[in-house]
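To start, the structure under review is shown below, and the notes come after it.
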Amino acid sequence: MAIASKVQRCIEGSSWIRKMFEEGARLRAIHGDDQVFDFTIGNPSVEPPEAFRRELLQLAAQPLPGMHRYMSNAGFEETRAAVAAAVSKRGQTRVNAEQVVMTCGAGAALNVILKTILNPGDEVIILAPYFVEYKFYVDNHGGTTKAVWTNRDTFQLDLPAIAAAISAQTKAIIINSPNNPTGVIYPQADLCALAALLAVKEKEFNQTIYVISDEPYARLAYDGHQVPPIFDCIQNSIIATSHSKDLALPGERIGYIAANPQLDEVTSFIDGAIFCNRVLGFVNAPALMQRLVAKLQEESVDINEYQQKRDLLYNHLTALGFTLTKPDGAFYLFPRSPLADDIAFVNLAQEEKILLVPGTGFGAPGYFRIAYCIDINIIRRSFPAWERLAKKCGLS
Ligand SMILES: Cc1ncc(COP(=O)(O)O)c(C=O)c1O
């Protein structure tokens with residue numbers, strides 16, 4: 132075999148989302164687009180805010196000299212300053228441009244952070260159910276992951292379980308709120324309790340334990356919920372995020388890292404992150420997008436549309452007898468699988484042309500994920516299929 136055996140193994144074993152997406156394409160080719168209910172992919176169903184198009188047209192009409200050239204690996208100063216101001220606005224902690232590095236989305240931000248902090252064999256705690264790419268990202272940089280379950284009903288932090296998992300090898304913990312796949316938001320009190328726990332462990336093991344806060348869904352919070360500002364809660368925290376969801380720009384690959392100004396040795400962390408952004412081959416975040424998002428820090432997609440879809444589907448599924456926590460954010464539902472085997476359930480759903488991702492794909496067998504960021508008419512049209520599926524599983 133020509134390619135690395137590890138990569139081959141990963142391709143074969145890892146991507147449920149990709150597998151289900153391909154199945155969707157196959158079924159659509161047979162039955163037609165409107166007969167397949169594809170809930171597999173977390174791709175925004177809304178368009179970027181109007182201000183995005185306005186700024187894009189303005190930039191095209193009045194180009195800045197040299198605007199497509201290289202810049203500092205950290206990004207344009209004006210963009211870093213705009214991001215720093217927006218992050219500062221979320222809480223009490225004042226962030227400045229020097230603590231911000233612009234990246235090619237949250238995926239790149241996570242890789243840059245992990246490369247910057249990990250020594251070979253360092254452990255990173257991830258919380259099940261988790262975004263599966265975390266495992267690969269940590270492995271990219273010589274670390275190992277240790278999965279710790281959140282509460283199996285509420286998906287909130289299980290602090291005693293986290294405490295038990297921390298060892299002398301623990302370098303970081305990745306949290307993601309609002310969460311993919313569960314949609315939960317961690318409340319401020321729990322984040323502060325996590326901070327207290329980490330402070331004790333940092334003392335015990337005489338080392339920094341970083342909290343990497345993966346926040347691409349931070350603005351997708353419903354019913355008036357707010358995502359608590361991580362910097363106000365946890366000293367050694369770093370934000371990895373993007374505008375993939377809040378401005379609906381996942382294809383444009385624009386995001387950033389922001390370090391808590393109180394972070395241990397914050398300057399060397401940022402120097403490291405700038406270097407890693409370069410040597411990972413990202414070099415810098417896309418120039419055009421940096422110019423635009425500098426102007427769009429107050430903008431967001433219309434989250435009412437997502438909230439409406441969440442409510443529609445949540446109400447229908449609970450009425451049919453599915454068990455699920457009502458999520459406060461992101462655009463996912465994560466119900467319990469009515470069959471003990473979540474893969475068997477997903478296969479059964481496929482017979483009704485409902486495409487889902489099994490919890491197994493998120494390190495959480497016994498559940499399944501619905502990405503409801505799809506056309507609301509498809510959601511409505513899927514209801515009879517859900518009813519048949521519920522009956523087949525002995526619900527309702
Ligand atoms: C939890 C989580 N983190 C990170 C990412 C990566 O996002 P980006 O498009 O900004 O790389 C995603 C994308 O779906 C995600 O769900």
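Residue numbers for the sequence shown, in our numbering: 132 to 527. Ideal Cβ placement from N, Cα and C applies to all residues, glycine included.
State whether the stretch 497-510 contacts the stretch 456-472, with contact taken as three or more CB pairs (one from each stretch) at a distance under 8 Å.
yes
What does a CB cutoff of less than 8 Å around isoleucine 485 pick up in its chain, not counting 5 residues either side in sequence?
Counted from its first residue, the sequence shown places residue 485 at position 354. Excluding residues within five positions, the ones whose Cβ falls inside 8 Å are Phe168, Phe170, Ser513, Ala516, Trp517 and Leu520.
Using beta carbons (cut-off 7 Å, strictly below), is isoleucine 388 in contact with chain B?
Within the model displayed, chain B is absent; a lone protein chain is all it includes.
Residues near alanine 390 by beta carbon distance below 7 Å, same chain, minus five either side:
What you label residue 390 is simply residue 259 of the sequence shown in a count that begins at 1. Closer than 7 Å at the Cβ level, and outside the excluded window around alanine 390, lie Gln230, Ile369, Val397, Phe400 and Ile401.
How would you label asparagine 282, buried or exposed, when you count the other beta carbons within 10 angstroms and need 16 or more for buried?
Working through the sequence shown from its first residue, we reach residue 282 at position 151. Exposed, because fewer than 16 other Cβ atoms sit within 10 Å of the Cβ of asparagine 282.
N- and C-terminal bounds of the alpha helix (DSSP H) containing asparagine 271
As a position in the sequence shown, residue 271 is number 140, starting the count at 1. From DSSP, the alpha helix (DSSP H) with asparagine 271 extends over 264-271.
Taking just the CA atoms, how far does lysine 522 sit from proline 360?
Reading the sequence shown from its first residue, position 229 is the one you call residue 360. Reading the sequence shown from its first residue, position 391 is the one you call residue 522. Going from the Cα of proline 360 to the Cα of lysine 522 covers about 43 Å.
Nearest neighbour of phenylalanine 476, chosen from Ile434, Ile385 and Cys524 [CA to CA]:
Within the sequence shown, residue 476 is the residue found at index 345, counting from 1. For phenylalanine 476, the nearest C-alpha among the options comes from Cys524.
Would you report the Cα separation of asparagine 508 and tyrosine 437, rounded to the nearest angstrom?
Working through the sequence shown from its first residue, we reach residue 508 at position 377. Working through the sequence shown from its first residue, we reach residue 437 at position 306. One C-alpha to the other measures close to 13 Å.
With distances taken from each beta carbon to the nearest heavy atom of ligand 1, which residues come in below 6 Å, in chain order?
Gly173, Gly236, Ala237, Gly238, Phe262, Asn307, Asn311, Asp345, Pro347, Ser373, Ser375, Pro381 and Gly386
My understanding is that serine 308 touches glutamate 254, with C-beta atoms under 8 Å, so please give their C-beta distance in whole angstroms.
Numbered from its first residue, the sequence shown carries residue 308 at position 177. Numbered from its first residue, the sequence shown carries residue 254 at position 123. Not confirmed; about 21 Å, so no contact.
Hey, how far is the Cα of arginine 140 from the Cα of isoleucine 134?
As a first step, residue 140 is located in the sequence shown; it is residue number 9 there, counting from the start. As a first step, residue 134 is located in the sequence shown; it is residue number 3 there, counting from the start. Taken atom to atom, the span from the alpha-carbon of arginine 140 to that of isoleucine 134 is near 10 Å.
Neighbour-count burial assignment, leucine 249, 16 or more Cβ in a 10 Å radius:
Within the sequence shown, numbered from 1, the residue matching residue 249 stands at position 118. Buried: at least 16 other Cβ atoms inside 10 Å.
Report the three-state DSSP secondary structure of valine 218 (helix, strand or coil).
Position 87 of the sequence shown, counted from the first residue, corresponds to residue 218. The answer is helix: DSSP assigns valine 218 an H, G or I state.
Let me know the secondary structure DSSP gives arginine 225 once reduced to three states.
What you label residue 225 is simply residue 94 of the sequence shown in a count that begins at 1. Here arginine 225 sits in coil by DSSP.
Once DSSP output is grouped into helix, strand and coil, what is the label at valine 381?
Your numbering for residue 381 matches position 250 in the sequence shown. Going by the sequence as given, residue 381 is proline instead of valine. If DSSP states are grouped into helix, strand and coil, proline 381 belongs with the helices.
Nearest to leucine 207 (by Cα), restricted to the options Asn415, Ala303 and Pro458:
Along the sequence shown, read from residue 1 onward, the residue named residue 207 stands at position 76. The sequence shown places phenylalanine at residue 207, rather than the leucine named in the question. It is Asn415.
Cβ contact check for the stretch 153-169 and the stretch 404-423: 3 or more pairs under 8 Å
With a cut-off of 8 Å on Cβ pairs, the stretch 153-169 is not in contact with the stretch 404-423, counting fewer than three such pairs.
If you run the structure through DSSP and keep just helix, strand and coil, what is lysine 302?
Locating residue 302 in the sequence shown gives position 171, where the first residue counts as 1. Residue state, collapsed to three classes: strand.
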